[in-house]
Amino acid sequence: MTFDQASSLKSADDNTASAIKSKETTEEHGSGVAVNGSHVYRSGIDREYGGTGGSKGKLFYLEEYRSKMTHAASVGQAAETSLEHVAARYEIQQDEEEGPSEDFIMIMRSSLVKPILKCLRDVQHHAGTPNAALYINEILHSIRDLEDKSPHDPFLEVLSALYMALAYENQWADYTADQYESVGHLLRRLSRRPFPKPNYIEKAIIAMEDLGFDTTPIPISIEEDDVEASVE
Amino acid sequence: MKKEKHFLDTSVLRPLLAGTKAYKKYFEEQFKDGRRYTSQYVLMEFKRSYIRNILNFYFVLNMPSIETAGDAITFWSNRYKSSELKAVLQLVGNIIDTHRLNTEEPRHKQKIMQVIAQYAKRLEIKSRRLFADIGKNETHCHRAKIPLKYTNKSDATTVFKDFLREFNDETTCRNRCRVDRFFMQRHKGTAELVIAYHENLSNKNSKENVGFSKISLNIKEAKEDNRKFSCRLCEAIGDAVIAIESLPDMRLEHTDHSFDHLCAVTGKPHKKHPSETSIIQSAVSQQL
């Protein structure tokens, strides 16, 4: 999967893109380049990508960003560099066989989960009022965005549970500020793990249920008589 | 004060996980002061009548010849019997609406599959984790032991395929279970009491008694010819297994008439709850 689609959906962040572009130019001509005070060496990139990291090597830019990530105080801070746009511009590729890399997951998460956490914080001041709809709408939009752009992120299991708990028949209107705060803490903790174990995902879903979020709200009825009748 | 123990039959477990808001609220109120239990057999019934149907729809949608969710819905409507049909279509329709997806859009097919998979997975997780286990599987039901094996690497399609392959292999499941011994040896006396109770029952075909009559007749036939014990038969006599497995210090919670008779035979505590329809009707009449 490439970021072509993302690229067509979003305009690149001009500042970030031009900053990267200037480094790209330097890199094409020289051996190493300073990124946030540290050097990224071509030889290292060549080793990682089997010698394909020439001047046209697309994956080089992921390495460049990884270096930035190392020097960022946190993943959240790294997101300030609008990596989603960088990724879109430079077509970071995923290996379909291996699935998404940890970098890919965290880059996408840093740019798309952060707004969700922020909205969960902001909505606490408006819980139980119509104003909450603004924040909820943004949360739902961000979750759908992540589903489109990073469909293999295991964190989506939990976000999808939240989506259903909020969106189905406007259940969001029934939740309190405390519930939004608690679910925000829960998501923040889990979002730090690139590949949480299935056990953690299960626990997070049950924790949401314990907080009062109904993650399977769709009523379904099966008539027992039909099942019994079919046996005879 | 000692907490009451509630052993949930499938007829109560299912609405607790996937019932209407009013019905869920009713049960939450009923069980708020006690501990909730299920058994592996009850969970198996939930998977058989509910999770399996959702996964079957998932694989219909996964067929290469099915281009859109709309095609899958049409295919499903033409093929399956009413209870499965209604259950799955209700779910899929609501999921698609809630996620703002379009049944006629081929590009949405993968996303619809993904959200259906996530929903089915959540139901299974909730059924397994929200209730304590009574610690008994006296029939040694093999189906009840078949897990949905989630790992970091495996995708939903592989997990579901493995699960369904094993779950639908009724010959292997039957070969590994001990349901015949359950009725013919271990609980032979209770099985005979059930049959005798049924023979003395007046008005066997009334609405309240017809379910119990089917159970009793099926047990009687299987006792006469133990080759009749099968996964299909278990669908008909499951209530008897659950009533017999129920523990004396727990109250069996159910909505089926058949348990009134079965628990009268076993002498174990039970409570029959009102149907979903009557709870909704009373909620509506309170609002008026």
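Protein chains in written order, with our numbering: chain A, -13 to 218; chain B, 33 to 320. Backbone N, C-alpha and C fix where the C-beta goes; we use that ideal spot for every residue, glycine too. Quantities reported herein were computed from a predicted structural model and do not represent experimental measurements.
In this structure, Met282(B) places its C-beta atom within 8 Å of the C-beta atom of Tyr69(B).
When Cβ-Cβ separations below 8 Å define contact, Tyr90(B) makes no contact with chain A. The criterion of a C-beta distance shorter than 8 Å is satisfied by Glu99(B) and Pro138(B).
Listed along chain A are Ile204, Pro205, Ile206, Ser207, each with a C-beta nearer than 9 Å to that of Gln122(B). The continuous alpha helix (DSSP H) containing Arg154(B) extends over residues 141 to 161.
Non-local beta-carbon contacts of His289(B) in its own chain, meaning distances under 6 Å to residues more than five positions away in sequence, involve Glu240, Gly243 in chain order. A direct Cα-Cα distance of roughly 9 Å separates Asp292(B) from His286(B). Membership of Thr70(B) in the beta strand (DSSP E) is indicated by the continuous run 67 to 70. Listed as beta-bridge partners of Gly198(A) by DSSP are no residues whatsoever. Each residue's CA atom was taken as its position, placing Arg259(B) and Ile276(B) some 22 Å apart.
Taking 4 residues as the shortest admissible run, the region 78 to 143 of chain B contains the following complete alpha helix (DSSP H) segments, listed from N- to C-terminal end: 84 to 94, 101 to 111, 114 to 130. Judged by their CB atoms, Ile157(B) and Glu188(A) are nearer to each other than the 8 Å cut-off.
Near chain A, meaning a CB-to-CB distance below 7 Å, the residues of the region 179 to 196 of chain B are Tyr182, Thr183, Asn184.
In this chain, the beta strand (DSSP E) harbouring His302(B) covers 302 to 304. Not a single CB atom of chain A sits nearer than 8 Å to the CB of Val226(B). Per the DSSP secondary-structure output, Arg283(B) pairs in a beta bridge with His38(B). For Gly85(A), the secondary structure class from DSSP, reduced to helix, strand or coil, is strand. In the DSSP annotation of this structure, the continuous segment of the alpha helix (DSSP H) that includes Leu145(A) starts and ends at 142 to 153. Annotation: Cβ neighbours of Lys183(A) in chain B (cutoff 8 Å, chain order): Asn184.
Of all residues in the region 134 to 154 of chain A, the ones placed with a Cβ closer than 9 Å to any Cβ belonging to chain B are Asp134, Pro137, His138, Pro140, Leu142, Glu143, Ser146, Ala147, Tyr149, Met150, Ala153, Tyr154, in chain order. Thr201(A) sits away from Ala119(A), with the two beta carbons spaced by 8 Å or more.
If you ignore the 5 residues before and after Asp196(A), its C-beta comes within less than 8 Å of no other C-beta in its own chain. By DSSP's assignment, Asp165(B) forms a beta bridge with Thr70(B). The C-beta separation of Ser146(A) from Gln150(B) comes to about 4 Å, placing the pair in contact by the 8 Å criterion.
Interface residue (Cβ-Cβ distance to chain B less than 8 Å): Glu167(A) is not classified as such. In the DSSP annotation of this structure, the continuous segment of the alpha helix (DSSP H) that includes Cys205(B) starts and ends at 202 to 208.
Annotation: the continuous alpha helix (DSSP H) that includes Ala119(A) extends over 118 to 135.
Within 10 angstroms of the beta-carbon of Met95(B) lie fewer than 16 other beta-carbons, which makes it exposed. A straight line joining the alpha-carbon of Ile105(B) with that of Phe89(B) spans about 8 Å. Between the region 173 to 183 of chain A and the region 93 to 112 of chain A, the count of Cβ pairs shorter than 8 Å is three or higher; the stretches touch. When 8 Å is used as the limit between beta carbons, Gln62(B) is near no residue of chain A, the shortest such separation being about 17 Å.
When Cβ-Cβ separations below 8 Å define contact, Tyr58(B) makes no contact with chain A. Within chain A, Leu142, Glu143, Ser146, Ala147 have C-beta atoms less than 8 Å from the C-beta of Gln150(B), given in sequence order. Chain order gives the chain B residues near Ile192(A) as Ile157, Lys158, Arg161, Leu162, where near means a beta carbon separation below 8 Å. Taken through DSSP and simplified to helix, strand or coil, Pro203(A) comes out as coil.
Per DSSP, Asn250(B) is one residue of the alpha helix (DSSP H) stretching across 242 to 256.
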